[in-house]
Ligand SMILES: Cc1cc2nc3c(=O)[nH]c(=O)nc-3n(C[C@H](O)[C@H](O)[C@H](O)COP(=O)(O)O)c2cc1C
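Numbering (the numbering used here), first residue to last: 27 to 244.
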């Protein structure tokens with residue numbers, strides 16, 4: 027599969043089999059990820075690859091509990107439900123949506139490792155450049171994984187349980203954890219977006235301005 031097709035066909039995959047990921051494929055994906063552009067060649071990034079069964083079980087548990095917290099916060103409660111009932115709904119929804127995560131064979135965690143190359147009073151600009159670069163690195167991984175028939179999904183659910191996540195992988199305080207992904211063989215590759223998401227996809231021309239802001243592309 028070429029790059030254009032892999033970009034078109036990449037989808038967020040949330041249901042996985044337990045089929046292992048080939049070690050040579052994994053190495054290739056990691057190296058492709060690290061070929062992404064990096065602001066100022068700072069390489070203010072790292073990846074943690076988690077394959078150990080106990081660690082990935084603990085990681086999946088944190089991601090699923092973080093997902094439940096995300097759904098609790100982001101989805102409106104059904105009319106008449108108590109906060110406890112809504113939280114219970116969110117846990118059930120996370121279990122249903124992410125229920126195969128305990129069997130995902132590999133997790134890849136994208137990290138921002140500050141290099142402190144900018145003057146101190148520009149540190150927030152440096153952080154922006156670093157986090158954007160980590161995003162590029164992960165996108166390389168997602169697209170390359172798709173080309174190899176492997177699934178991924180950008181995931182930030184660990185943000186809700188960051189201390190626990192950090193402790194699990196011994197990540198020091200100065201290293202940030204912008205996003206991570208499961209990596210494995212999908213039960214099936216989603217074709218297109220779910221209808222509810224397709225419905226809110228903005229027509230591409232409305233997102234492109236010709237020459238100046240405010241002139242949607244004809
Ligand atoms: C910055 C970012 C954070 C995301 N966080 C999550 C997440 O925590 N969990 C999840 O299941 N999907 C997450 N997603 C995936 C989006 O929901 C998904 O990309 C979007 O619905 C479009 O679907 P697609 O990836 O199949 O095109 C995230 C995507 C991005 C870009």
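Idealized CB from N, CA, C, for every residue including glycine.
The closest heavy atom of ligand 1 lies 7 Å or more from the beta carbon of residue 215.
The three-state reading of DSSP puts residue 239 in coil, since its state is none of H, G, I, E or B.
Judged by the Cβ position, residue 72 fails to qualify as a neighbour of ligand 1 at the 7 Å threshold, every heavy atom of the ligand being at least this far. For residue 213, the three-state secondary structure derived from DSSP is coil.
Counting along the chain, the unbroken alpha helix (DSSP H) around residue 192 starts and ends at 188-194.
Taking a cut-off of 8 Å on C-beta distances, the region 180-200 touches the region 78-98, as three or more cross pairs fall below it. Counting only runs of at least 4 residues, the region 35-88 fully encloses the following alpha helix (DSSP H) elements, listed from N- to C-terminal order: 49-59. Between the alpha carbons of residue 225 and residue 103 lies a distance of about 22 Å. Here residue 59 is near residue 163, since their CB atoms are less than 8 Å apart. Residue pairing for residue 205: DSSP places it in a beta bridge opposite 136.
Residue pairing of residue 218 in beta bridges, as defined by DSSP: absent, with no partner found.
Our two residues, residue 181 and residue 79, have alpha carbons roughly 20 Å apart in a direct line. Contact check for residue 137 and residue 33: beta-carbon distance about 24 Å, past the 8 Å limit, so the pair fails to qualify. Counting along the chain, the unbroken alpha helix (DSSP H) around residue 109 starts and ends at 109-124. Taking residue 37 as reference, the option from 134, 131, 126, 209 with the minimal CA-CA separation is 209.
Distances from the CA of residue 178 to each of 221, 124, 144 were compared; the closest alpha carbon is that of 124.
Contact annotation: residue 94 and residue 77 have beta-carbon atoms that are not nearer than 8 Å. For residue 162, the enclosing alpha helix (DSSP H) covers residues 149-173. Judged by their CB atoms, residue 101 and residue 212 are not nearer to each other than the 8 Å cut-off. Between the alpha carbons of residue 157 and residue 165 lies a distance of about 12 Å.
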